[in-house]
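First to last, the protein sequences are chains A and B.
Take the first sequence: its position 45, counting from 1, is numbered 44 in numbering that gives the first Met the number 0, and each next residue is one higher.
Take the second sequence: its position 175, counting from 1, is numbered 174 in numbering that gives the first Met the number 0, and each next residue is one higher.
Single-structure report; data block below.
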Amino acid sequence: MMYEVPFIVVILLMAVGLYIVLFKKNLIKIALGLSLLETGVNLFLIALAYRHGDRLSAPVFTSQILGGTDPTYSLPTPHALTLTSIVIGVATTALLLSFVMQLYKKWGITTTDEMRRLK
Amino acid sequence: MMDAYDTFINNAPALAVAIPLIFAFSTPLVSKLGDRVRNIFALLGVLIPSLIIFLLAFDVLSSGGMETRYYVFGSDSSTRFPLVGGHILRIAFAVDGMSVFMGLLISVVALSAVIYSMAYIRRYSGLDKYYSLLLLVFTANLGMVLTGDIFNLFVWFEISSVSLSALTAFKANRGESFEGAAKYLIYASVAGLFFLIAIGLLYGQYGHLNIKFLSSAIGGNEEMMMVDKIALGLLVTVFALKAGSVPMHMATPDAYGEAPAPITAMFVTASQASLYAIFRTGFTLYGSNLTVTGETLHILGYILVALGILSMFVGVTMALVQKDIKRLMAYHAISQTGYMLLGVGVGLAVLDTAQFAEYGRTAMTGGIFHIFNHALYKGLLFLTAGAIIYRTGTKDLNKMGGLGRDMKLTALFFIIGALAIAGIPPMNGFASKLLIYESVFKFNPIVGAIAMLVSLLTLASFVKVFYAVFMGPRRSEFKGGEVPASMLTGMAILGGVILVFSVFPSLVVTSLVDPAVNALTYIEGETTRSLTLFTGSGSWNTLVFLGAVMVAGIIGLLLFMMGNKGTVPKGEGRKPYLFGNPTEIEGRPIVVPASNVYWGFTTALSKYYKPTEKAHSALFNDYMFWFVATAALLISIFAFLEVLT
Numbered sequence: 000m001m002y003e004v005p006f007i008v009v010i011l012l013m014a015v016g017l018y019i020v021l022f023k024k025n026l027i028k029i030a031l032g033l034s035l036l037e038t039g040v041n042l043f044l045i046a047l048a049y050r051h052g053d054r055l056s057a058p059v060f061t062s063q064i065l066g067g068t069d070p071t072y073s074l075p076t077p078h079a080l081t082l083t084s085i086v087i088g089v090a091t092t093a094l095l096l097s098f099v100m101q102l103y104k105k106w107g108i109t110t111t112d113e114m115r116r117l118k
Numbered sequence: 000m001m002d003a004y005d006t007f008i009n010n011a012p013a014l015a016v017a018i019p020l021i022f023a024f025s026t027p028l029v030s031k032l033g034d035r036v037r038n039i040f041a042l043l044g045v046l047i048p049s050l051i052i053f054l055l056a057f058d059v060l061s062s063g064g065m066e067t068r069y070y071v072f073g074s075d076s077s078t079r080f081p082l083v084g085g086h087i088l089r090i091a092f093a094v095d096g097m098s099v100f101m102g103l104l105i106s107v108v109a110l111s112a113v114i115y116s117m118a119y120i121r122r123y124s125g126l127d128k129y130y131s132l133l134l135l136v137f138t139a140n141l142g143m144v145l146t147g148d149i150f151n152l153f154v155w156f157e158i159s160s161v162s163l164s165a166l167t168a169f170k171a172n173r174g175e176s177f178e179g180a181a182k183y184l185i186y187a188s189v190a191g192l193f194f195l196i197a198i199g200l201l202y203g204q205y206g207h208l209n210i211k212f213l214s215s216a217i218g219g220n221e222e223m224m225m226v227d228k229i230a231l232g233l234l235v236t237v238f239a240l241k242a243g244s245v246p247m248h249m250a251t252p253d254a255y256g257e258a259p260a261p262i263t264a265m266f267v268t269a270s271q272a273s274l275y276a277i278f279r280t281g282f283t284l285y286g287s288n289l290t291v292t293g294e295t296l297h298i299l300g301y302i303l304v305a306l307g308i309l310s311m312f313v314g315v316t317m318a319l320v321q322k323d324i325k326r327l328m329a330y331h332a333i334s335q336t337g338y339m340l341l342g343v344g345v346g347l348a349v350l351d352t353a354q355f356a357e358y359g360r361t362a363m364t365g366g367i368f369h370i371f372n373h374a375l376y377k378g379l380l381f382l383t384a385g386a387i388i389y390r391t392g393t394k395d396l397n398k399m400g401g402l403g404r405d406m407k408l409t410a411l412f413f414i415i416g417a418l419a420i421a422g423i424p425p426m427n428g429f430a431s432k433l434l435i436y437e438s439v440f441k442f443n444p445i446v447g448a449i450a451m452l453v454s455l456l457t458l459a460s461f462v463k464v465f466y467a468v469f470m471g472p473r474r475s476e477f478k479g480g481e482v483p484a485s486m487l488t489g490m491a492i493l494g495g496v497i498l499v500f501s502v503f504p505s506l507v508v509t510s511l512v513d514p515a516v517n518a519l520t521y522i523e524g525e526t527t528r529s530l531t532l533f534t535g536s537g538s539w540n541t542l543v544f545l546g547a548v549m550v551a552g553i554i555g556l557l558l559f560m561m562g563n564k565g566t567v568p569k570g571e572g573r574k575p576y577l578f579g580n581p582t583e584i585e586g587r588p589i590v591v592p593a594s595n596v597y598w599g600f601t602t603a604l605s606k607y608y609k610p611t612e613k614a615h616s617a618l619f620n621d622y623m624f625w626f627v628a629t630a631a632l633l634i635s636i637f638a639f640l641e642v643l644t
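What follows is the structure in structure tokens.
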């Protein structure tokens, strides 16, 4: 049961993120929603990394380091994926916020309702 | 010497990506040495990888193209996968006939885009970043088609999305640029996150990221797992979004329309690379064991056919009512993407059945051949649109006119591109569309008829553009004559390749397209012999056609010369009917705007046009709705269709 908790959080985070991107019209809120969605996906990858049992190898053991006997371990690859994904997320958010800023400077707008000149 | 060459070829996949990456990040530094040095540096950054891709393609194709070459990063041996306890800890590139086919196409378009940029973008500041990002897009596109690792594919996908949206906002004096860029960026980022979920699902299930290993793991199951089906639905939706398929196409015209013209050409190659990713997903990732995945792949084939028909029809009908020249062309890009989805979708729908040999393979050949043709003529058309905007300073078709008198070469390139996109013989677009028409007609006659109808509407739309831009009296406000030489060179590269492809379509199919189709399907086959293209039920030979046209032309000329001389039409017939230009009818000056030329057609179809135009609301939340809805629909089709039947 303990192992399912992160996945429930993942679903909650992603649902909130998707809701914001789908229904909120403020551009800053959309940028926040995108970040939430991204956090959800990153947590999903991290949660995938934790395995118990001994069917896989090349692990990084966690519980035994902490003094436990349960062979719970964490795969290194998803951590590498998450790091990459965080870097990409930072670039995307920064670029998006600069676009939002420029839109406010040029047209004085902050919502998608007003961002409809390309038709 | 041979050893050195072998070492070079073995390392070529990595070099093709590493070299433009180094060039991209050193461009801002080199820019300090002056504009000319920077331009030559950026040109080298595209030219050197293009040469590497060319040599690699030559090497891969000389062995048939079906065998996959692996390049494993950080490994001393590139021949086998280093395994650590059943896990691959390294990133691998996988190169076969399909990869080099895409690599060549990306190189040709990038080369013309960078040469074209030199004059086109000269008036702007921040050019060091422009060339950096352009090289980054080029690298990302090459990476997407060369990689054999699904997470690596995601990284290239994101690099390409971020750089392309930054370049869309390059003309920073206009608010519209930021609108297009922001829409494209959010759309592509959410798609990227969905892609990452799919990767997570597959990794969590199988513990691999390498496409080949994943593929054999998926094929090794008794039957397809739910996880596989959900991942397939997510992957197809995401790549279809970036390829610009209806109904997730709405950010495409926004971004294509606002980006500088050479960047729009790069957008075209990026969307082709996404199409490649769809085909890789279907054929390679899920195609290792058809007894397990065959049913699902047939469903995927029908989905691609449906997306293709929607894209073709909605794209071309929306293009007919546009008045912004680049938005119009962007809708045509969507419409043409439909042909490729249709061709390859038919191939997938009948994969591993008797019909595959009968028409499925021809359809796939047509679809894959159309990818190359599309990148060439669409790239050329966007570059000519850039030349027109460069001269007139407007994108509005209603404000143009008379440019054909001073811009004869641009007009010529436009005609080449327009004939090719409309599929008029003897252009290359005709050869690939003929393959699609004939095979799709056997698949389903109605679909074949729609494909032909869409071509007609495409022609109608480009007749309108040609008329509105080039015809009519010379206008005093558009001075300066032809565009600079670098822009003409960029257009000439693409125009020249189109002409070669047009005259020798069968050679191109034999040497490039067949190996690509073989590599995708693992089935060897040929559709051509000598200079004639066989389309299943007929054949096409450009030289015979040109000969027939010449004979007919000479007969026509003789008939013309036998006629009465000095006959002058009188009355209304003397005056050309011009739209877009002010003209006089019965002494009253009137203007028929180019956007209203097909008024009759759009009014007759108002029952279709009203809801469609309403759906193109330009409201970003609606874009997101279409994406999430399509993803949900595709996942449920894959997951539950078999349960129901």
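Every residue gets a Cβ at the ideal spot worked out from N, C-alpha and C, and that includes glycine.
Computed from a predicted model, the values in this text were never measured in an experiment.
Pull up the distance between the alpha-carbon of residue i and that of residue j, whole angstroms please.
| i | j | result |
| --- | --- | --- |
| B/Tyr183 | B/Asn140 | 17 Å |
| B/Val108 | B/Tyr202 | 35 Å |
| B/Tyr521 | B/Ala374 | 25 Å |
| B/Ala260 | B/Lys394 | 11 Å |
| B/Ala93 | A/Thr92 | 32 Å |
| A/Asp112 | B/Leu604 | 29 Å |
| B/Tyr330 | B/Met363 | 23 Å |
| A/Ser97 | A/Leu31 | 14 Å |
| B/Thr280 | B/Met97 | 13 Å |
| A/Leu117 | B/Val496 | 33 Å |
| A/Pro5 | A/Ile85 | 18 Å |
Counting only beta-carbon atoms, is residue i nearer than 8 Å to chain B?
| i | result |
| --- | --- |
| A/Phe98 | yes |
| A/Lys118 | yes |
| A/Leu55 | Reliability fails at A/Leu55, whose pLDDT of 49 lies under 50, so the model's placement of it is uncertain and the value that follows must be treated cautiously. So yes, A/Leu55 belongs to the interface. |
| A/Ala14 | no |
| A/Pro5 | no |
| A/Ser84 | yes |
| A/Ile29 | yes |
Looking at the unbroken alpha helix (DSSP H) that takes in residue i, where does it start and where does it end?
| i | result |
| --- | --- |
| B/Tyr119 | 96 to 119 |
| A/Val8 | 4 to 22 |
| B/Tyr330 | 324 to 348 |
| B/Thr146 | That residue, B/Thr146, is in no alpha helix (DSSP H); it is neither H nor E in DSSP. |
| B/Lys241 | 225 to 242 |
Take residue i as the anchor and find which of the options has the nearest alpha-carbon.
| i | options | result |
| --- | --- | --- |
| A/Leu12 | A/Glu113, A/His78, A/Ser34, A/Thr109 | A/Ser34 |
| A/Lys104 | B/Ala171, B/Tyr607, B/Thr26, B/Gly147 | B/Ala171 |
| B/Met470 | B/Ala484, B/Phe368, B/Phe600, B/Leu396 | B/Leu396 |
| B/Ala66 | B/Tyr607, B/Ala515, B/Lys606 | The residue asked about is misnamed: residue 66 of chain B is Glu in this sequence, not Ala. With distances taken between Cα atoms, B/Glu66 lies closest to B/Ala515. |
| B/Gly479 | B/Ile120, B/Val154, B/Gly392, B/Phe637 | B/Gly392 |
| A/Leu47 | A/Ile85, A/Thr81, A/Ile87, A/Val89 | A/Thr81 |
| B/Gln354 | B/Val439, B/Ile414, B/Met328, B/Ala384 | B/Val439 |
| B/Gly403 | B/Pro424, B/Val482, B/Phe193 | B/Val482 |
| B/Ala484 | B/Trp625, B/Tyr275, B/Ile51, B/Tyr119 | B/Tyr119 |
| B/Ala23 | B/Gly44, B/Ile8, B/Phe193, B/Leu14 | B/Gly44 |
Please check if any C-beta of chain A sits within less than 8 Å of the C-beta of residue i.
| i | result |
| --- | --- |
| B/Met117 | no |
| B/Ser188 | yes |
| B/Asn620 | yes |
| B/Ala329 | no |
| B/Val245 | no |
| B/Ile185 | yes |
At which residues does the beta strand (DSSP E) containing residue i begin and terminate?
| i | result |
| --- | --- |
| B/Tyr205 | Note, B/Tyr205: premise wrong, no beta strand (DSSP E); alpha helix (DSSP H) at 174 to 205. |
| B/Val482 | Segment: none, B/Val482 is in no beta strand (DSSP E) and carries neither H nor E. |
| B/Tyr69 | 68 to 71 |
Is residue i close to chain D? Criterion is C-beta to C-beta, closer than 8 Å.
| i | result |
| --- | --- |
| B/Ala258 | Although the question refers to chain D, the structure presented lacks it and instead comprises the protein chains A and B. |
Can at least three beta-carbon pairs, one atom from the region 2 to 19 of chain B and one from the region 629 to 639 of chain B, be found at a separation below 8 Å? no
Any 3 or more C-beta pairs closer than 8 Å across the region 291 to 304 of chain B and the region 340 to 348 of chain B: Three or more beta-carbon pairs drawn from the region 291 to 304 of chain B and the region 340 to 348 of chain B are found closer than 8 Å, and the two stretches are therefore classed as touching.
Do the region 188 to 205 of chain B and the region 221 to 231 of chain B make contact, defined as three or more Cβ pairs closer than 8 Å? yes
For the region 162 to 180 of chain B and the region 131 to 140 of chain B, state whether three or more C-beta atom pairs, one from each stretch, are separated by less than 8 Å. Yes: the two stretches touch, three or more of their Cβ pairs being nearer than 8 Å.
Is there contact here, the region 211 to 223 of chain B with the region 253 to 272 of chain B, by at least three beta-carbon pairs under 8 Å? no
Per the contact definition of three or more C-beta pairs closer than 8 Å, is the region 321 to 341 of chain B in contact with the region 281 to 295 of chain B? no
Quick test of the definition: if touching needs 3 or more C-beta pairs under 8 Å, does the region 45 to 65 of chain B touch the region 98 to 116 of chain B? yes
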